[in-house]
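Participant: Sharing a structure, written as structure tokens. Questions coming.
Number of protein chains: 2
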Amino acid sequence: MTKIDDVARLAGVSTATVSRALRGLPTVSAATRRRVLAAAEQLQYAVSPSASRLAGGRTGSVAVVVPRITRWFFGVVVEAVEDFLHEAGYDLLLHNLGGRERNRQRLLRTAALHKRVDAIMLVATPLRAAEMSALAALDLPGVTISSGTEVPGWPCVRIDDVAAARTATRHLLELGHRRIAHISGDPDDELAFSAHLDRRRGYQEALRAAGLRPDPALDVESSFDIDGGTRATEELLRRGDPPTAIFASCDEMAMGALTALREAGLRVPQDVSVIGIDDHALSGVLGLSTIAQPAAEQGRLAAKMLLDPLAGRSPEAGMSTTAAPVILPTRLVVRESTAPARAH
Amino acid sequence: MTKIDDVARLAGVSTATVSRALRGLPTVSAATRRRVLAAAEQLQYAVSPSASRLAGGRTGSVAVVVPRITRWFFGVVVEAVEDFLHEAGYDLLLHNLGGRERNRQRLLRTAALHKRVDAIMLVATPLRAAEMSALAALDLPGVTISSGTEVPGWPCVRIDDVAAARTATRHLLELGHRRIAHISGDPDDELAFSAHLDRRRGYQEALRAAGLRPDPALDVESSFDIDGGTRATEELLRRGDPPTAIFASCDEMAMGALTALREAGLRVPQDVSVIGIDDHALSGVLGLSTIAQPAAEQGRLAAKMLLDPLAGRSPEAGMSTTAAPVILPTRLVVRESTAPARAH
DNA sequence: CTGAAAGCGCTTACAG
DNA sequence: CTGAAAGCGCTTACAG
Numbered sequence: 001m002t003k004i005d006d007v008a009r010l011a012g013v014s015t016a017t018v019s020r021a022l023r024g025l026p027t028v029s030a031a032t033r034r035r036v037l038a039a040a041e042q043l044q045y046a047v048s049p050s051a052s053r054l055a056g057g058r059t060g061s062v063a064v065v066v067p068r069i070t071r072w073f074f075g076v077v078v079e080a081v082e083d084f085l086h087e088a089g090y091d092l093l094l095h096n097l098g099g100r101e102r103n104r105q106r107l108l109r110t111a112a113l114h115k116r117v118d119a120i121m122l123v124a125t126p127l128r129a130a131e132m133s134a135l136a137a138l139d140l141p142g143v144t145i146s147s148g149t150e151v152p153g154w155p156c157v158r159i160d161d162v163a164a165a166r167t168a169t170r171h172l173l174e175l176g177h178r179r180i181a182h183i184s185g186d187p188d189d190e191l192a193f194s195a196h197l198d199r200r201r202g203y204q205e206a207l208r209a210a211g212l213r214p215d216p217a218l219d220v221e222s223s224f225d226i227d228g229g230t231r232a233t234e235e236l237l238r239r240g241d242p243p244t245a246i247f248a249s250c251d252e253m254a255m256g257a258l259t260a261l262r263e264a265g266l267r268v269p270q271d272v273s274v275i276g277i278d279d280h281a282l283s284g285v286l287g288l289s290t291i292a293q294p295a296a297e298q299g300r301l302a303a304k305m306l307l308d309p310l311a312g313r314s315p316e317a318g319m320s321t322t323a324a325p326v327i328l329p330t331r332l333v334v335r336e337s338t339a340p341a342r343a344h
Numbered sequence: 001m002t003k004i005d006d007v008a009r010l011a012g013v014s015t016a017t018v019s020r021a022l023r024g025l026p027t028v029s030a031a032t033r034r035r036v037l038a039a040a041e042q043l044q045y046a047v048s049p050s051a052s053r054l055a056g057g058r059t060g061s062v063a064v065v066v067p068r069i070t071r072w073f074f075g076v077v078v079e080a081v082e083d084f085l086h087e088a089g090y091d092l093l094l095h096n097l098g099g100r101e102r103n104r105q106r107l108l109r110t111a112a113l114h115k116r117v118d119a120i121m122l123v124a125t126p127l128r129a130a131e132m133s134a135l136a137a138l139d140l141p142g143v144t145i146s147s148g149t150e151v152p153g154w155p156c157v158r159i160d161d162v163a164a165a166r167t168a169t170r171h172l173l174e175l176g177h178r179r180i181a182h183i184s185g186d187p188d189d190e191l192a193f194s195a196h197l198d199r200r201r202g203y204q205e206a207l208r209a210a211g212l213r214p215d216p217a218l219d220v221e222s223s224f225d226i227d228g229g230t231r232a233t234e235e236l237l238r239r240g241d242p243p244t245a246i247f248a249s250c251d252e253m254a255m256g257a258l259t260a261l262r263e264a265g266l267r268v269p270q271d272v273s274v275i276g277i278d279d280h281a282l283s284g285v286l287g288l289s290t291i292a293q294p295a296a297e298q299g300r301l302a303a304k305m306l307l308d309p310l311a312g313r314s315p316e317a318g319m320s321t322t323a324a325p326v327i328l329p330t331r332l333v334v335r336e337s338t339a340p341a342r343a344h
């Protein structure tokens, strides 16, 4: 392996100068820089990351923590973040909690992050007090995506979950529905993030605004995925007097609902309307009405907000670290799964 | 930050002994080890990865390269691999090619992997000659998942794509179908992996075994995703005299086919049967018949085959590096998207 | 089983 | 704009 001394010798300069030239520092004359680059090129030199990290203190890596990479939102976010990070020359260390408590513990109670990364991105990962202080002890910059997962001093990118849920529910109300159920993820779940709670709030607000009283019998919690949607809907149907519409906290739950309704012999949307939140890649295929949220854009923006300060760039106006969360817009997408309520 | 000298001083031993004790090397007396661990615990000591890497030469990291983390198969594989790697104390550097040529180049033509990882996992990423030699120059152990992406000297985990396609096609034949179309990914696509070709071969073999001649008009290529399935099916329908059944190279393409058929006013399975390969998480929701492949198991097994040698463990019997690929089983899952062909 | 010392390959003040 | 030297915090022969 060729190292920096080899390049220095060939270029006829010191290793300090090689280091500076290769990193593009301004304190190197054009001629010297040219010679160094030529020598490095000729020797196929590549800096040793370990040595550079030890000496320089920067790792050039970012940890990205997601609950489940297999779920639509997290996959899309990670894809956007990965692209942005690599474009900027950073490595991405992936941490997928996978719904396992031990994974959370491993992440924050062991040295999984200690001196391994320059910054942390937490996606929909709410922290307990002990975890929060472990994180604070790391003393790293970071950013969060999704509501209810804020970390003091870190910027946050998200949508307005309350508004999204309100819009979804209002869509059903405008179609004439009155018995509107809500299915969502279990807040006791280790992976719970309070987007659930916000979405429930939006649902209830919309009902009240229409003069309806939220009915606990029409509000079922399960896991925040396809199976959870199926189970929640089955439970809903077991309770008798089924709703004429279901607002699911996310598209994956809505998809589970579609399955359960079909199994129960109920037609969508003739018997029951269904709407979710996300605009999952398969929502179009399923004809699922939904509230679209910009997943890739949230990832890209969060990555930018994370790296700009590291690069010495000051955050853009409106993106200040201490400011309120950056809220990205959502929009109603009406497909075939929602239709007017039938007259009684 | 507390460092190894602090621990050494507190424990009353040399830094060499601290290093040995903390890494669990056998050449440390029980009593000494106990004292060192207690000191480390008391000081909240965590080793500096950069220093350890520079001095020891091991990075404790593995690069995992996938075409698109947002596609079902790759998400599931990465989840399984991530779990295995972290369990074993390794970090996972994610590289998502995202269908971009520049990302491929960045990965292998720059020093993106140079001295950053101890091993590489390539998932469905076929290499060009230049890329292959860049990879060889890295001189790292590795493993591949999926056929057609073999790297000399690296073990490979995959399914038998030819057999899977044969089973899918035979299922349609047994239902009485004769005009069976095939839709698949474009092999000129930068992300192409020859699983496509194997699957086409299995399709053609099954047709021939049934006395049928593969009809080029019934074989359409597009991109290996939902949209590609839609476009390929639209093209199929434009060609007139539509097939009575479609075998899609993967479930995501099959889902695209479902969309295109619905738009065209064709019912599934009454007018057209559809089958894919994967058993995607949403195939059940869509009632899609498919050939299930064990994605998580392929990831887990490949990770194990990668790490066992690094840990000094000899690969298990039948998992030798130079041996033939490890082939995992697939199985036919019949749902509602396939039905007997109607009599003419 | 343990320690003193060299060395891993860079970057960073400091001095000029 | 450039260089000599120290130092980043470990691990690894080597010797005992």
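In the order they appear, the protein sequences are chains A and B. Going by the UniProt record's numbering, 116 is the number at position 116 of the first sequence; the sequence numbering is gapless. Going by the UniProt record's numbering, 107 is the number at position 107 of the second sequence; the sequence numbering is gapless. Every residue, glycine too, gets a C-beta built ideally from N, C-alpha and C.
(1) Could you pull out every residue in the same chain whose Cβ sits closer than 8 Å to the Cβ of B:T244, ignoring the five residues on either side in sequence?
(2) My parser needs the beta strand (DSSP E) runs of 3 or more residues fully inside the region 213-251 of chain A; what are they?
(3) If you follow the beta strand (DSSP E) that A:V62 is part of, which residue opens it and which one closes it?
(4) Can you give me, in chain order, the residues of the region 105-126 of chain B that have a beta carbon less than 7 Å from any beta carbon in chain A?
(5) Name, please, each residue of chain B whose Cβ falls closer than 9 Å to the Cβ of A:I275.
(6) Closer than 8 Å between beta carbons: that is the criterion. Which residues of the UniProt domain "HTH lacI-type" (2-56) of chain B meet it against chain A?
(7) If B:R116 sits next to B:N96, beta carbons under 8 Å apart, how far is it from one beta carbon to the other, in whole angstroms?
(8) For B:M255, which residues in chain A fall below 7 Å Cβ to Cβ?
(9) Measure the CB-CB distance between B:F74 and B:V66 and report whether it falls below 7 Å.
(10) Quick check on A:I69 - is its C-beta less than 7 Å from some C-beta in chain B?
(11) Closer than 6 Å by C-beta to A:A168: which residues in its own chain qualify, once you throw out the five before and the five after it? Chain order, please.
(12) Can you tell me where the alpha helix (DSSP H) with A:A264 in it begins and where it stops?
(13) For the structure I just gave you, are there three or more beta carbon pairs, one from the region 9-17 of chain A and one from the region 39-47 of chain A, closer than 8 Å?
(14) For A:V326, I'd like the list of residues in its chain whose CB is within less than 6 Å of its CB, leaving aside the five on either flank, ordered along the chain.
(15) What are the start and end residues of the beta strand (DSSP E) that includes B:H114?
(16) Per DSSP, B:T290 forms a beta bridge with which residues?
(17) Apply the 10 Å Cβ neighbour rule to residue 353 of chain B and answer buried if 16 or more other Cβ atoms are within range, or exposed otherwise.
(18) B:D91 and B:S61 look like a contact to me (Cβ under 8 Å); what is the Cβ gap, rounded to whole Å?
(19) How long is the line joining the alpha carbons of A:M132 and A:R104, rounded to whole angstroms?
(20) Closer than 7 Å by C-beta to A:T15: which residues in its own chain qualify, once you throw out the five before and the five after it? Chain order, please.
(21) Would you mind listing the beta strand (DSSP E) stretches within the region 26-109 of chain A that are 3+ residues and don't spill past its ends, in chain order?
(22) Which value, in whole angstroms, describes the spacing of the CA atoms of B:D251 and A:T259?
(23) How about A:L110 and A:T125: do their beta carbons lie closer than 7 Å?
(24) Considering only the beta carbon of each residue, do A:A302 and A:I145 sit closer than 7 Å?
(25) Any beta carbon of chain B sitting closer than 7 Å to that of A:D91?
(26) Please specify which runs of the beta strand (DSSP E), each continuous and at least 3 residues long, are wholly inside the region 122-174 of chain B, giving them in chain order.
(27) Out of A:A209, A:T230, A:M305, A:H196, which has the shortest C-alpha to C-alpha gap to A:E174?
(28) From the DSSP output, in three-state form, read off B:A281 for me.
(29) Identify the contact partners of A:D279 in chain B, using a Cβ-Cβ distance below 7 Å as the criterion.
(30) Taking the C-alpha atoms as reference points, what is the distance between A:A112 and A:A295?
(31) Quick one: give me the first and last residue of the beta strand (DSSP E) that A:S184 is part of.
(32) Considering only residues of the same chain and omitting the five flanking positions on each side of A:A317, which have a CB-CB separation below 6 Å?
(33) Nearest by alpha-carbon distance to B:V47: which of A:L197, A:L54, A:D241 is it?
(34) For A:V334, is the classification buried or exposed, using 16 other Cβ atoms within 10 angstroms of its Cβ as the cut-off for buried?
(35) Any beta-carbon of chain B closer than 7 Å to the one on A:T233?
(36) From this set, A:P152, A:E221, A:S147, which residue's C-alpha is nearest A:A136's C-alpha?
Facilitator: The answer reads as follows:
(1) For the purposes of this step, residue 244 of chain B is taken as residue 244 along the second sequence, with counting starting at 1. Result list for B:T244: H177, R178, R179, I180, D271, V272, S273, A341, R342, in chain order.
(2) Segments of the beta strand (DSSP E) lying fully in the region 213-251 of chain A: 219-222, 245-248.
(3) On the first sequence, position 62 is the one that residue 62 of chain A refers to. From DSSP, the beta strand (DSSP E) with A:V62 extends over 61-66.
(4) Of all residues in the region 105-126 of chain B, the ones placed with a Cβ closer than 7 Å to any Cβ belonging to chain A are R106, A111, H114, K115, R116, in chain order.
(5) Within the first sequence, the letter at position 275 stands for residue 275 of chain A. From the beta-carbon of A:I275, no residue of chain B is found nearer than 9 Å; the closest lies around 16 Å away.
(6) Residues passing the 8 Å Cβ filter: A46, V47, S48, P49, S50, A51, R53, L54.
(7) For this step, residue 116 of chain B is matched to residue 116 along the second sequence. For this step, residue 96 of chain B is matched to residue 96 along the second sequence. B:R116 to B:N96, Cβ: 16 Å. No contact.
(8) Position 255 of the second sequence, counting from 1, holds the residue named residue 255 of chain B. Result: L282, V285.
(9) Counting from 1 along the second sequence, the entry for residue 74 of chain B is found at position 74. Counting from 1 along the second sequence, the entry for residue 66 of chain B is found at position 66. Yes, the Cβ-Cβ distance between B:F74 and B:V66 is below 7 Å.
(10) Position 69 of the first sequence holds residue 69 of chain A. By the rule that beta-carbons nearer than 7 Å mark a contact, A:I69 touches chain B.
(11) Reading the first sequence from its first residue, position 168 is the one you call residue 168 of chain A. Here A:A168 has F247, I275, I291 as same chain residues with Cβ atoms under 6 Å from its own Cβ, once five neighbours each way along the sequence are excluded.
(12) Within the first sequence, residue 264 of chain A is the residue found at index 264, counting from 1. From DSSP, A:A264 is part of no alpha helix (DSSP H); its letter is neither H nor E.
(13) The region 9-17 of chain A is in contact with the region 39-47 of chain A.
(14) Counting from 1 along the first sequence, the entry for residue 326 of chain A is found at position 326. Around A:V326: V157.
(15) Residue mapping note: residue 114 of chain B aligns to position 114 of the second sequence, counting from 1. No beta strand (DSSP E) contains B:H114, which DSSP labels as neither H nor E.
(16) The count along the second sequence starts at 1 and reaches residue 290 of chain B at position 290. DSSP, once it has assigned bridges, lists B:G276, B:V333 as partnering B:T290.
(17) Residue 353 of chain B lies beyond the residue range present for chain B, which begins at 1 and ends at 344; the question has no answer from this structure.
(18) Position 91 of the second sequence holds residue 91 of chain B. Position 61 of the second sequence holds residue 61 of chain B. Their Cβ separation, rounded to whole angstroms, is 4 Å, which keeps B:D91 and B:S61 in contact under 8 Å.
(19) Position 132 of the first sequence, counted from the start, is the residue given in the question as residue 132 of chain A. Position 104 of the first sequence, counted from the start, is the residue given in the question as residue 104 of chain A. When rounded, the distance between both Cα atoms is 12 Å.
(20) Sequence index remark: in the first sequence, residue 15 of chain A carries index 15 (1-based). Excluding sequence neighbours, A:T15 sits near I4, D5, A8.
(21) Qualifying beta strand (DSSP E) stretches, in chain order: 61-66, 91-96.
(22) Within the second sequence, residue 251 of chain B is the residue found at index 251, counting from 1. Within the first sequence, residue 259 of chain A is the residue found at index 259, counting from 1. If you take the alpha carbons of B:D251 and A:T259, they lie about 18 Å apart.
(23) Here the question's residue 110 of chain A lines up with position 110 in the first sequence. Here the question's residue 125 of chain A lines up with position 125 in the first sequence. According to the sequence displayed, residue 110 of chain A carries Thr and not Leu. The answer is no: Cβ separation not under 7 Å.
(24) Position 302 of the first sequence, counting from 1, holds the residue named residue 302 of chain A. Position 145 of the first sequence, counting from 1, holds the residue named residue 145 of chain A. Yes, the pair counts as a contact, with Cβ atoms nearer than the cut-off.
(25) Here the question's residue 91 of chain A lines up with position 91 in the first sequence. Closer than 7 Å: yes.
(26) For the region 122-174 of chain B, whole beta strand (DSSP E) runs of length 3 or above, ordered along the chain, are 142-145, 156-159.
(27) Numbered from its first residue, the first sequence carries residue 174 of chain A at position 174. Sorting A:A209, A:T230, A:M305, A:H196 by C-alpha distance to the C-alpha of A:E174 places A:A209 at the top.
(28) Taking the second sequence and counting its residues from 1, one reaches residue 281 of chain B at position 281. DSSP places B:A281 in coil when its eight states are reduced to three.
(29) Along the first sequence, read from residue 1 onward, the residue named residue 279 of chain A stands at position 279. Result: empty, since nearest Cβ-Cβ is about 13 Å, beyond 7 Å.
(30) Start at 1 with the first residue of the first sequence, and residue 112 of chain A comes out as number 112. Start at 1 with the first residue of the first sequence, and residue 295 of chain A comes out as number 295. One C-alpha to the other measures close to 27 Å.
(31) Stepping through the first sequence from its first residue, residue 184 of chain A is reached at position 184. Membership of A:S184 in the beta strand (DSSP E) is indicated by the continuous run 180-185.
(32) Indexing the first sequence from 1 puts residue 317 of chain A at position 317. Per-residue confidence for A:A317 stands at a pLDDT of 44, beneath the threshold of 50, marking its modelled position as unreliable; the derived number appears in the next sentence. Here A:A317 has no same chain residue with a Cβ atom under 6 Å from its own Cβ, once five neighbours each way along the sequence are excluded.
(33) To locate residue 47 of chain B, count along the second sequence from 1; it is residue 47. For the residues A:L197, A:L54, A:D241, the minimum Cα distance to B:V47 belongs to A:L54.
(34) Counting from one through the first sequence, the residue named residue 334 of chain A turns up at place 334. A:V334 is exposed by the Cβ-count criterion.
(35) Counting from 1 along the first sequence, the entry for residue 233 of chain A is found at position 233. Interface annotation, A:T233: not in contact with chain B, CB-CB separation never under 7 Å.
(36) To locate residue 136 of chain A, count along the first sequence from 1; it is residue 136. Residue A:P152 is the option with its Cα nearest to A:A136.
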